[in-house]
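Residues 361 to 420 (my numbering) make up the sequence shown, in order.
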Amino acid sequence: MNIALIVRIHDHGLPATQAELVAEMQDWFADRSDGKKMPDSRSIRRRITPIWRALRREEA
């Protein structure tokens with residue numbers, strides 16, 4: 361997921377909200393796992409939050 365996240369941010373920048381980014385990562389997991397054994401949105405958000413905060417701080 362971290363590599364997919366980095367590529368997404370590099371290619372397209374950050375989305376407007378963290379929720380959008382979580383949803384995109386959920387879709388990424390779903391595409392790769394056929395909907396089986398994928399983390400819930402809370403788990404994904406926990407991983408994304410420190411990255412989101414660090415990048416948003418740089419934009420301010």
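No residue lacks a Cβ here, since even glycine has one placed at the ideal position from N, Cα and C. Given the structure is predicted, the values throughout are model-derived calculations rather than measurements.
Buried/exposed call for residue i, threshold 16 Cβ in 10 Å
i    : result
V382 : buried
I404 : buried
CB contact flag (residue i, residue j, <8 Å)
i    : j    : result
I411 : M385 : no
F389 : P399 : yes
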